[in-house]
Amino acid sequence: LARGRRALSPSASSRRIAMAPPKFKDLGKKPNDIILDDSKYESKCEVKTAAKGLNLTSCFTREDTKGIKGSLEAKGKLADFDITTNLKDDSTLTVSVENTTLVQGLKLKVDTAPVTLAIQKVSFEYKHDLAFLTGLYDHSAKDGPKVDLSAAFAGNGFSGGISASKVDPKNLGSAKPEFALQYDASDYTLHAFCKESGKNAGGSAMYKVNSDTTVAVKVAQKEAKLDIALGGTYSVDTDTDVSVTVSQDRMLRALIESKISPALKIKGSAMLNADKMSGHKWGLEMLYSL
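FYI, the numbering for the sequence shown is 9 to 298, going by our numbering.
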């Protein structure tokens with residue numbers, strides 16, 4: 009180090025990193041991931057490759073009776089702009105232009121339809137040590153333009169925020185804000201949320217038992233219906249994790265993630281209904297990087 013500069017101690021460095029809040033939508037993500045709240049039960053094959061500064065991703069998915077869907081995505085860089093082209097199986101072509109150099113911490117993104125040259129979406133993200141702001145203007149929504157806004161703040165281990173989604177810009181009074189609060193410690197996380205003017209509210213907690221085992225619980229109430237879920241994740245080894253969750257409605261969810269090789273990852277998921285022999289779901293994902 010140059011004379012006069014003082015190296016940060018590990019504890020000081022960790023405190024600085026912990027101050028930066030996550031996006032509003034990621035508040036509660038740690039316990040919710042263990043509860044398997046956002047698990048998808050689909051068959052998926054994704055292949056990524058890179059050549060001459062261009063990153064290509066081809067993806068095929070099948071979910072229940074929706075049939076097989078495919079997409080081809082290409083990412084590249086032009087000057088200070090990241091260009092992403094996405095072609096779907098229904099011939100829908102979208103081009104996204106992204107810039108992160110105009111202002112430190114600011115990311116701007118524009119999605120366009122190159123055939124009609126129409127702007128479909130405009131979004132921004134601004135990240136600071138104490139705040140994370142996001143915004144989206146969606147001109148392609150079927151029922152008219154919509155706006156999403158969110159703000160998250162952090163300090164002393166706490167993160168909290170407010171969000172409003174799918175707001176009609178001509179009727180801002182129709183917005184239904186959501187609130188969330190999170191506390192992070194070294195071995196546990198606490199999270200609480202409130203939606204729909206209190207009709208949907210609850211909380212979750214995550215606790216790291218040891219280096220291999222983490223458990224979580226979620227309690228939520230929606231329109232007078234109480235939902236409780238318990239879950240846990242166990243690291244079998246450095247390449248394999250197993251997660252299991254059981255909920256009050258007698259649904260058993262399981263997820264296995266394994267890194268078969270440096271280039272191949274496999275995820276297997278299942279949802280079993282303990283009340284009856286029908287309604288079960290399963291999924292298998294293969295992610296391959298060339």
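Idealized CB from N, CA, C, for every residue including glycine.
**Request:** Let me know if residue 201 comes out buried or exposed under the rule of 16 or more other beta-carbons within 10 Å of its beta-carbon.
**Result:** It counts as buried.
**Request:** Spell out a yes or no on whether the segment 254-262 and the segment 52-62 are touching, meaning 3 or more CB-CB pairs, one atom from each, closer than 8 Å.
**Result:** no
**Request:** Run the CB neighbour count on residue 43, radius 10 Å, all protein chains shown included, and call it buried at 16 or more, exposed below.
**Result:** buried
**Item:** For residue 81, three-class secondary structure by DSSP
**Value:** strand
**Pairwise C-alpha distance: residue 292 and residue 270** = 19 Å
**Request:** Could you tell me which residues DSSP pairs with residue 136 in its beta bridges?
**Result:** Beta-bridge pairing links residue 136 to no other residue.
**Asked** Can you tell me whether residue 20 is buried or exposed, with buried defined as 16 or more other CB within 10 angstroms of its CB?
**Response** With a pLDDT of only 41 at residue 20, under 50, the local geometry of the prediction cannot be trusted, and the value read off the model is given with reservation. The residue in question, residue 20, is exposed, as its Cβ has fewer than 16 Cβ neighbours within 10 Å.
**Request:** Go through its chain and collect everything with a Cβ distance to residue 193's Cβ below 7 Å, but skip five positions before and after it.
**Result:** Within the same chain, residue 193 has close Cβ partners 165.
**Request:** Quick one: residues in its chain with C-beta nearer than 6 Å to the C-beta of residue 255, no 5 flanking neighbours on either side, listed in chain order?
**Result:** 237
**Asked** Rounded to a whole number of angstroms, what is the C-alpha to C-alpha distance between residue 217 and residue 143?
**Response** Cα to Cα, the separation comes out at about 37 Å.
**Prompt:** From residue 171 to residue 156, what distance separates their C-alpha atoms?
**Reply:** 8 Å
**Request:** Name the two residues that bound the continuous alpha helix (DSSP H) containing residue 41.
**Result:** If you look at residue 41, you'll find it in the alpha helix (DSSP H) that goes 37-43.
**Asked** Which partner residues does residue 111 have in the DSSP bridge list?
**Response** Residue 111 is not bridged to any residue.
**Item:** Between the CA atoms of residue 228 and residue 212 - distance to the nearest angstrom
**Value:** 8 Å
**Item:** Sub-8 Å separation of residue 230 and residue 207 beta-carbons
**Value:** yes
**Prompt:** Roughly how many whole angstroms lie between the Cα atoms of residue 233 and residue 185?
**Reply:** 21 Å
**Prompt:** Assuming residue 134 contacts residue 289 under a Cβ cut-off of 8 Å, what Cβ separation, rounded to an integer in Å, is found between them?
**Reply:** So it is not a contact: roughly 38 Å between Cβ atoms.
**Request:** Please state whether DSSP places residue 284 in a helix, a strand or coil.
**Result:** coil
**Message:** Just to confirm my understanding: we take residue 287, look at its own chain, exclude 5 residues before and 5 after, and list those with CB closer than 6 Å. What are they?
**Reply:** 281
**Request:** Look at the alpha carbon of residue 240 and the alpha carbon of residue 45, and state the distance between them as a whole number of angstroms.
**Result:** 13 Å
**Item:** Three-state secondary structure (DSSP) of residue 174
**Value:** strand
**Item:** residue 285 versus 275, 258, 277 and 295, residue with shortest Cα-Cα distance
**Value:** 258
**Message:** From the DSSP secondary-structure annotation, give me the bridge partner or partners of residue 63.
**Reply:** Under DSSP, residue 63 forms a beta bridge with 58 and 83.
**Sequence-distant residues of the same chain with beta carbon closer than 7 Å to residue 39, five excluded per side** = 197, 199, 212, 213, 214, 224 and 226
**Request:** Using three-state DSSP, classify residue 206 as helix, strand or coil.
**Result:** helix
**Asked** What three-state label does DSSP hand residue 182 in the structure shown?
**Response** Helix, per DSSP.
**Request:** Starting from the N-terminal side, write out each stretch of the beta strand (DSSP E) that is 3 residues or longer and does not extend beyond the segment 148-172.
**Result:** 154-163
**Message:** Less than 8 Å between the beta carbons of residue 30 and residue 167, yes or no?
**Reply:** yes
**Prompt:** Would you say the beta carbon of residue 149 comes nearer than 7 Å to a heavy atom of the ligand GTP?
**Reply:** The ligand GTP is not part of this structure, which contains no ligands at all.
**Message:** Nearest by alpha-carbon distance to residue 272: which of 247, 278 and 88 is it?
**Reply:** 247
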